[in-house]
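Remarks on the structure that follows.
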Amino acid sequence: MTVYEQPTEQVEVERPRRRRRGRALLITLIVLLIVLGVLVVVADRVAHGYAENRIGTEIDGQLAAQGLSAEPAEVSVGGVPFLTQVLAGRYDEISVLLREVQGQVPGAADVVRIPTLDIDATGVSAPLDTLRTGQGEIVASNVNGVGTIDYTSLAGMIGQDGVTLSQQDGKLGATLPVEVLGQRVELKGTANIAVQDNTVQVRFDTLTAEGLPDNALVQNLISGYAEQLSLNVALPALPFGLQVTEIKPAVEGLQVTATAKDVPLNQGA
Numbered sequence: 001m002t003v004y005e006q007p008t009e010q011v012e013v014e015r016p017r018r019r020r021r022g023r024a025l026l027i028t029l030i031v032l033l034i035v036l037g038v039l040v041v042v043a044d045r046v047a048h049g050y051a052e053n054r055i056g057t058e059i060d061g062q063l064a065a066q067g068l069s070a071e072p073a074e075v076s077v078g079g080v081p082f083l084t085q086v087l088a089g090r091y092d093e094i095s096v097l098l099r100e101v102q103g104q105v106p107g108a109a110d111v112v113r114i115p116t117l118d119i120d121a122t123g124v125s126a127p128l129d130t131l132r133t134g135q136g137e138i139v140a141s142n143v144n145g146v147g148t149i150d151y152t153s154l155a156g157m158i159g160q161d162g163v164t165l166s167q168q169d170g171k172l173g174a175t176l177p178v179e180v181l182g183q184r185v186e187l188k189g190t191a192n193i194a195v196q197d198n199t200v201q202v203r204f205d206t207l208t209a210e211g212l213p214d215n216a217l218v219q220n221l222i223s224g225y226a227e228q229l230s231l232n233v234a235l236p237a238l239p240f241g242l243q244v245t246e247i248k249p250a251v252e253g254l255q256v257t258a259t260a261k262d263v264p265l266n267q268g269a
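Residue numbers (the UniProt record's numbering): 1 to 269.
Pasting the structure below:
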C-alpha cells in the first residue's frame, strides 16, 4: 500500500505570504485615510480663508458706501466643519473687528471716532456664488455691535478748552479749569447720559469747585458752565443699520451697544 504525504512545506510558505499581503493592504488603506484627512483639513482651511477675505472685502465696500472710514475689516468665521458652511452658503457666526472707525456727525463738521467696533453677526446667508462673483447680498439675521467713543473726541465736541472727561464711579465725569470772580478754580462734576434716536444726550446737572463763596452769583456762573458742558451727540450712521440700545462710561470712553436684524453686510448688486 502506497502512502502519500501532504505538501506541508508549501502550505506553511503560502500562509505567511498571505498575511504579509493583508498587512500591506491595511497599511495602504491607513495611509490613504490619513492623506484624505489631511486633504480635507487643507481644503477646509483654504475655504475658511477665502470666505473670510471675501466677506471682509464686501464689508469694506459697505462702509465706504456709508461714508465711514476704517481700517480693513478683520473677519473671523466660526462654526465647524467650515467647508460644509461654505457649500451651503450659511454661516453660524461671523465676528468682525473694525478699527479706527470715523464718521461725520449729521449736520455738523464734528467727526466721531470709534477706536474699535466689535460686531457679531449670526445666521449669515452668504451664497458661494455671491462670494465668488460679488453679485448678490450677504445677509445676517442678527447683528450686535459694541464700540467706544473715545473721550478726546467727545471733549472736542463740547468745545471748552481744558475740559477733561473720564469715568468716575460708573458715571461720566468732567473737570474744567475756569476763572470765577478773578479766581482760577477747577470745576468738577458728573453727567447723566441717555440715548434717543441714535443721539447721545449728556447732561451735567451739578458742578462743584473748592474755594468759592456759596452765593447766588457764583451758583449762577457754575450753572452756566454746566449748561456749556452738556450736549447732544448725534452719532453718524453706524455700519449695518446698527441702532444704539445702551451707552455707559468705560475706562477708554463711552461704550456703545447697538443691535440690528436682517442686515445686508455688503452693497449687493
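Virtual Cβ for every residue (Gly too), placed ideally from N, Cα, C.
query	result
Separation of Pro177 from Val200, as counted between CA atoms	24 angstroms
Cβ distance (whole Å) where Ala209 is taken to contact Ala191 below 8 angstroms	That belief does not hold up - the Cβ atoms of Ala209 and Ala191 are roughly 16 angstroms apart, past 8 angstroms.
Length of the line joining the Cα atoms of Val38 and Ile55	Caution applies to Val38, whose pLDDT of 49 falls short of 50 and renders its modelled position unreliable; the model cannot decide the point.
Buried versus exposed call for Ser153 [16 or more other C-beta atoms within 10 Å across all chains shown]	buried
CB contact check: Glu252 to chain B, cutoff 7 angstroms	Looking at the structure shown, chain B is missing, and only one protein chain is on hand.
Closest by C-alpha distance to Ala70, when choosing among Val112, Pro249, Leu87	Val112
Residue(s) in a DSSP beta bridge with Phe204	Ala191
As assigned by DSSP and simplified to three states, the class of Asn198	coil
Candidates Thr259, Val251, Gly241: closest to Ala65 by CA position	Gly241
Cutoff 7 angstroms; reference Gln160; Cβ partners in own chain excluding five residues on either side	Leu176, Gln228, Leu229
C-alpha distance - Arg132 paired with Asp197, whole-angstrom precision	37 angstroms
Among Asp169, Val251, Thr130, Tyr225, nearest to Leu87 - alpha-carbon criterion	Thr130
Sequence ranges, beta strand (DSSP E) only - wholly within the stretch 62-110, length at least 3	74-78, 90-104
Where Glu227 falls: helix, strand or coil (DSSP)	helix
Strand pairing of Arg184, partner residues [DSSP]	Glu179
Under 7 angstroms between C-beta atoms of Ile59 and Leu265	yes
Beta-carbon gap between Ile158 and Ile193 smaller than 7 angstroms	no
Same chain only: Cβ atoms within 6 angstroms of Val263, ignoring 5 sequence neighbours per side	Ala140, Val143, Phe240, Gly241
Span of the beta strand (DSSP E), counted from its first residue to its last, around Asp262	253-264
Pick from Asp92, Gly78, Ser76, Gly103 that is closest to Val233, judged by C-alpha positions	Gly103
Burial state of Pro249 (16 or more Cβ within 10 Å)	buried
Exposed unless 16 or more other CB atoms sit within 10 angstroms - verdict on Val251	exposed
Under 7 angstroms between C-beta atoms of Ala126 and Leu98	no
Endpoints, the beta strand (DSSP E) within which Asp150 is located	139-150
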